[in-house]
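Protein chains in written order, with the UniProt record's numbering: chain A, 1 to 297; chain B, 1 to 297. Where is the CB? At the ideal position from N, CA and C, for every residue including glycine. Contents: one structure, followed by commentary.
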DNA sequence: TCCATTCTCTGACCTTAGTCCGAGAAGTCG
DNA sequence: CGACTTCTCGGACTAAGGTCAGAGAATGGA
């Protein structure tokens, strides 16, 4: 790794936590502990379940309970049992709580404005653009790719999202029953492998390989959630698949794809795949690609 | 202010504190309180005065003293009186303290590396470039410009730095005694005004105006510290001067400058100054500029 | 020389953040 | 129904961060 890049990130950290961290101070400046303020904000105008708050903010249950008691005592929230499940409790902001939250927003906006104010208009534009870029790439780098059992909820979520997308994009729709199948067993090692990409523990992409012994690996089910497109995740998934294929003994990766999936086709070409003649009878396949893997050295 | 820009800054804050804040966790992961770790790092290999640490980290004197006691008890620092001033104390890292600090650096680098690792090489380059841009512009926006008495230490610092720069850059050097003077009285309101730009309370630039009643304001002593050049500070100082001139009744700003100060000349032209005939006998003046101020509406 | 100032340190005190544990109510499944 | 799980809550406790006031040593200036 380039040392100057590492150094840059550390310097960035120092400048940014000083200057941007001030936005969080807005939460402190209302004579309310930061924890309470953050919780108040996180509850949101529509209310939340206590358990989701606990998960989102990663708080101890006792601690969260106490924070809620404090907000309740100040008349900012109400806590009552969920209608369908008596164990879970729901929190709602009272009008006073909503007002307080709006005030936090206002303060936070004020801090942001103070950052922009001293800058010339065109500097502001540049700052905002650079921030968007940093955010985008940090998000991309937060995405985690792991081998997952095809029966895992995240795996089925991705499969359904993938099918749904094909249904929407293919001319004449998509019916998985008509396609060459890739059932759970076929994507479980060592017969195959399924990779799932997650962002903050939410599935945001997948890719699968069938690994018939002695034959080319077969890439299937490459999907990237719309929210994270344009972050290079497709390329990363493809790269991980090739690594998996190589370490599991395959020398070649093959795939077929539909003509409507233009980004995917561009991705395969950019990654060094070359178009070959049809090698199976997949009815949804218009283009067939192949790449000879480099021997890992 | 553009609401979408404000919004972007807030979103940036959320993503970045999550992801980059992890760099600070490195400081926590050594079973040492964050405060102690930060202090240890801030002392630096060369040692520091206790009072400068207190100022830099904005710590209560009692609190800082206790932190130092704790580090001392762990054998990481030594504290002893300054040689020239027996009141101030100096802190130095022991070999163990240096090792601990190096370890913190190493951990911090590790976190930074983890951010870069999942990215493609060209994404890394983009991230680092965008970070540099954000840092640069946030720094620019942190610079504070204020009217300062010419006898203030920051003002004299800027004056000396300015003269030193002219000495170095003018062909044949610079002697203030030969130039048209602008003494302290002439730069004290209402006869004139001196603006000093500061970054983290350190002077990093200045600009002055002489304001003879009923005549054009005369801009003098425009200087920007090398470290913050290219951040738009010159333009900001110039803009602030025009504002001061306008609110104090001037309709026109004039200035002369030397041909070697090319950035300054470019700045004046870009800001709408037009070159005019020589209007005084300043021996270091090669170019003479003038701008008619817009009437503040 | 004396007085005000600067600098550091200690003691006393407070709030916030956070952990651990066990009780108890509500739901689920065989 | 009974056993197990899920979810919430309060008690007990700890560590860390932080504030305030006062004492005492060293310095600088009138």
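*Determine the burial state of residue 100 of chain A: buried for a count of at least 16 other Cβ atoms within 10 Å of its Cβ, exposed for fewer.*
Stepping through the first chain from its first residue, residue 100 of chain A is reached at position 100. Burial call: buried.
*Return the chain-ordered list of same chain residues with a C-beta closer than 6 angstroms to the C-beta of residue 248 of chain B, the five sequence neighbours on each side being excluded.*
If you number the second chain from 1, residue 248 of chain B lands on position 248. Here the set comprises 211.
*asked:* Tell me the rounded alpha-carbon separation between residue 61 of chain B and residue 54 of chain B.
replied: Taking the second chain and counting its residues from 1, the one referred to as residue 61 of chain B is at position 61. Taking the second chain and counting its residues from 1, the one referred to as residue 54 of chain B is at position 54. Going by the C-alpha atoms only, they are around 7 angstroms apart.
*Measure the C-alpha to C-alpha separation of residue 153 of chain A and residue 201 of chain A and round it to an integer number of angstroms.*
In the first chain, residue 153 of chain A corresponds to position 153, counting from 1. In the first chain, residue 201 of chain A corresponds to position 201, counting from 1. Taking the straight line from one Cα to the other gives about 12 angstroms.
_I need the DSSP call for residue 165 of chain B, collapsed to helix, strand or coil._
Looking up residue 165 of chain B in the second chain gives position 165. In this structure, residue 165 of chain B counts as helix in the three-state DSSP scheme.
*Any chance you could list the beta strand (DSSP E) runs of at least 3 consecutive residues sitting entirely within the region 59–90 of chain B, in chain order?*
77–81
*Name, please, each residue of chain A whose Cβ falls closer than 9 angstroms to the Cβ of residue 184 of chain B.*
Counted from its first residue, the second chain places residue 184 of chain B at position 184. Ordered by position in chain A, no residue passes the 9 angstroms Cβ test against residue 184 of chain B, which lies about 28 angstroms from the chain.
*Proximal chain B residues relative to residue 133 of chain A, where beta-carbon distance stays under 7 angstroms*: For the purposes of this step, residue 133 of chain A is taken as the residue at position 133 of the first chain. Chain B residues near residue 133 of chain A: 126, 130.
*Residues that residue 306 of chain B contacts on chain A, provided the C-beta gap is smaller than 8 angstroms*: Chain B is shown only over 1 to 297; residue 306 of chain B falls outside these bounds and no answer can be derived.
*Does DSSP put residue 31 of chain A in a helix, a strand or coil?*
On the first chain, residue 31 of chain A is found 31 positions in, with the first residue counted as 1. If DSSP states are grouped into helix, strand and coil, residue 31 of chain A belongs with coil.
_Unbroken alpha helix (DSSP H) run spanning residue 231 of chain A, endpoints_ = Here residue 231 of chain A refers to the residue found at position 231 when the first chain is read from its first residue. Neither: residue 231 of chain A is in no alpha helix (DSSP H) and is coded neither H nor E.
*What does a CB cutoff of less than 7 angstroms around residue 81 of chain B pick up in its chain, not counting 5 residues either side in sequence?*
Taking the first residue of the second chain as position 1, residue 81 of chain B is located at position 81. Only 89 meet the Cβ criterion.
*asked:* Using CA atoms only, rank isn't needed, just tell me which of B/48, B/33, B/159, B/199 is closest to residue 325 of chain B.
replied: This structure gives no information on residue 325 of chain B, because the portion of chain B shown stretches from 1 to 297.
_Please report the distance separating the alpha-carbon of residue 31 of chain A from that of residue 66 of chain A._
Indexing the first chain from 1 puts residue 31 of chain A at position 31. Indexing the first chain from 1 puts residue 66 of chain A at position 66. Each residue's Cα considered, the two are about 18 angstroms apart.
*Along the chain, which unbroken stretches of the alpha helix (DSSP H) at least 4 residues long are found entirely within the UniProt domain "N-acetyltransferase" (150–296) of chain B?*
153–169, 233–247, 262–270
*Inter-residue spacing [alpha-carbon to alpha-carbon] between residue 183 of chain B and residue 125 of chain A*: Numbered from 1 along the second chain, position 183 holds the residue referred to as residue 183 of chain B. Numbered from 1 along the first chain, position 125 holds the residue referred to as residue 125 of chain A. Going by the C-alpha atoms only, they are around 40 angstroms apart.
*CB of residue 9 of chain B within 8 angstroms of CB of residue 9 of chain A, strictly*: As a working mapping, residue 9 of chain B is identified with position 9 in the second chain. As a working mapping, residue 9 of chain A is identified with position 9 in the first chain. Their beta carbons are not under 8 angstroms apart, which means residue 9 of chain B does not touch residue 9 of chain A by this criterion.
_Using beta carbons (cut-off 8 angstroms, strictly below), is residue 5 of chain B in contact with chain A?_
As a first step, residue 5 of chain B must be located in the second chain, where it is residue number 5. So yes, residue 5 of chain B belongs to the interface.
*Among B/145, B/243, B/232, B/226, nearest to residue 196 of chain B - alpha-carbon criterion*: The residue labelled residue 196 of chain B in the question sits at position 196 within the second chain. Residue 196 of chain B has its Cα closest to that of B/145, out of B/145, B/243, B/232, B/226.
*Which residue comes first and which comes last in the alpha helix (DSSP H) that contains residue 7 of chain A?*
As a first step, residue 7 of chain A is located in the first chain; it is residue number 7 there, counting from the start. First-last of the alpha helix (DSSP H) with residue 7 of chain A: 3–20.
*Rounded to a whole number of angstroms, what is the C-alpha to C-alpha distance between residue 51 of chain B and residue 38 of chain B?*
Taking the second chain and counting its residues from 1, one reaches residue 51 of chain B at position 51. Taking the second chain and counting its residues from 1, one reaches residue 38 of chain B at position 38. Each residue's alpha carbon lies about 16 angstroms from the other.
*Give the interface partners of residue 16 of chain A over in chain B, defined as CB-CB distance under 8 angstroms, in chain order.*
As a working note, residue 16 of chain A is residue 16 in the first chain. Within chain B, the residues near residue 16 of chain A are 16, 20, 134, 135, 138.
_Between A/49, A/270, A/162, which has its C-alpha nearest residue 85 of chain A's C-alpha?_
Reading the first chain from its first residue, position 85 is the one you call residue 85 of chain A. If we check each option's Cα against that of residue 85 of chain A, A/49 comes out closest.
*Taking the CB atoms as reference points, tell me whether residue 155 of chain A and residue 194 of chain A lie closer together than 8 angstroms.*
As a position in the first chain, residue 155 of chain A is number 155, starting the count at 1. As a position in the first chain, residue 194 of chain A is number 194, starting the count at 1. Result yes, Cβ atoms of residue 155 of chain A and residue 194 of chain A sit closer than 8 angstroms.
*Is it true that the region 218–234 of chain A meets the region 170–178 of chain A, where meeting means three or more beta-carbon pairs spaced less than 8 angstroms apart?*
no
*asked:* Tell me the DSSP secondary structure of residue 313 of chain A in three-state form.
replied: Residue 313 of chain A falls outside the range modelled here, since chain A spans only 1 to 297, and no answer is possible.
*At 9 angstroms on the CB atoms, spell out the chain B contacts of residue 236 of chain A, in chain order.*
The count along the first chain starts at 1 and reaches residue 236 of chain A at position 236. Residues of chain B passing the Cβ test: 118, 119, 120.
*CB-CB length for residue 199 of chain A against residue 143 of chain A, believed under 8 angstroms*: Translated into the one-based positions of the first chain, residue 199 of chain A becomes position 199. Translated into the one-based positions of the first chain, residue 143 of chain A becomes position 143. Residue 199 of chain A to residue 143 of chain A, Cβ: 5 angstroms. Contact.
_If we define contact as Cβ-Cβ less than 8 angstroms, is residue 143 of chain B a contact residue for chain A?_
Taking the second chain and counting its residues from 1, the one referred to as residue 143 of chain B is at position 143. Output row for residue 143 of chain B: interface = yes.
*Beta-carbon gap between residue 120 of chain A and residue 205 of chain B smaller than 8 angstroms*: Translated into positions along the first chain, residue 120 of chain A becomes position 120. Translated into positions along the second chain, residue 205 of chain B becomes position 205. For residue 120 of chain A and residue 205 of chain B, no; Cβs fall outside 8 angstroms.
*Please confirm whether residue 276 of chain B and residue 251 of chain B have their CB atoms less than 8 angstroms apart.*
Position 276 of the second chain, counting from 1, holds the residue named residue 276 of chain B. Position 251 of the second chain, counting from 1, holds the residue named residue 251 of chain B. Cβ atoms of residue 276 of chain B and residue 251 of chain B: not closer than 8 angstroms.
_For residue 46 of chain A, report the span of its alpha helix (DSSP H) as first-last._
If you number the first chain from 1, residue 46 of chain A lands on position 46. Neither: residue 46 of chain A is in no alpha helix (DSSP H) and is coded neither H nor E.
_For a test of the three-state rule: what should DSSP assign to residue 134 of chain B, helix, strand or coil?_
Position 134 of the second chain, counted from the start, is the residue given in the question as residue 134 of chain B. Note: residue 134 of chain B maps to helix in three-state DSSP.
_Taking the beta strand (DSSP E) that residue 120 of chain A belongs to, which residues open and close that run?_
Numbered from 1 along the first chain, position 120 holds the residue referred to as residue 120 of chain A. No beta strand (DSSP E) holds residue 120 of chain A; DSSP gives it neither H nor E.
*Cβ-Cβ distance between residue 135 of chain B and residue 11 of chain A below 8 angstroms*: On the second chain, residue 135 of chain B is found 135 positions in, with the first residue counted as 1. On the first chain, residue 11 of chain A is found 11 positions in, with the first residue counted as 1. Their beta carbons are under 8 angstroms apart, which means residue 135 of chain B touches residue 11 of chain A by this criterion.
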